[in-house]
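FYI, the numbering for the sequence shown is 5 to 92, going by the working numbering. C-beta: ideal position from N, C-alpha, C; glycine also. One structure is given here, and the rest of the page talks about it.
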Amino acid sequence: IGRTVFITARIQVTAAGTASGVMNISGLPFTPASNQVPNGTVHNETNDNLYQIFGADGATTAIVSTTTGGGISWAYATTYNLAMFYET
5 IGRTVFITAR IQVTAAGTAS GVMNISGLPF TPASNQVPNG TVHNETNDNL
55 YQIFGADGAT TAIVSTTTGG GISWAYATTY NLAMFYET
């Protein structure tokens with residue numbers, strides 16, 4: 005809508021192994037405008053946890069982390085629903 009980008013995604017972990025930490029999602033469709041930090045939420049369907057998703061100013065990569073900026077223990081067969089928005 006205008007210069008606002010809204011992204012939704014559903015991500016399912018199929019082979020986590022011992023993965024933990026933040027998740028980087030690259031290839032956002034448009035570069036955020038100056039002084040715009042993409043942000044949103046990620047919902048873990050399995051345990052009902054909420055995480056934050058944010059991007060760097062002017063970058064097309066988003067980072068999923070806990071609300072305190074820490075990593076997440078990614079679990080096998082867990083589905084995460086993502087929603088974020090930003091201005092271009």
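Item: What distance in whole Å lies between the Cβ atoms of Gln16 and Gly92, which are believed to be in contact at a cut-off of 8 Å?; Value: Reading the sequence as shown, one finds Thr at residue 92 and not Gly. That belief does not hold up - the Cβ atoms of Thr92 and Gln16 are roughly 29 Å apart, past 8 Å.
Item: DSSP beta-bridge partners for Tyr90?; Value: Val9
Item: Would you kindly work out how many angstroms separate the C-alpha atoms of Thr64 and Ala81, rounded to a whole number?; Value: 27 Å
Item: Beta-carbon separation of Met88 and Pro42 under 8 Å?; Value: yes
Item: To the nearest angstrom, how far is it from the Cα of Phe34 to the Cα of Met27?; Value: 19 Å
Item: Can you tell which of Arg7, Asp52 and Gly44 has its C-alpha closest to the C-alpha of Leu86?; Value: Gly44
Item: Are Tyr90 and Ser69 closer than 8 Å when you measure CB to CB?; Value: no
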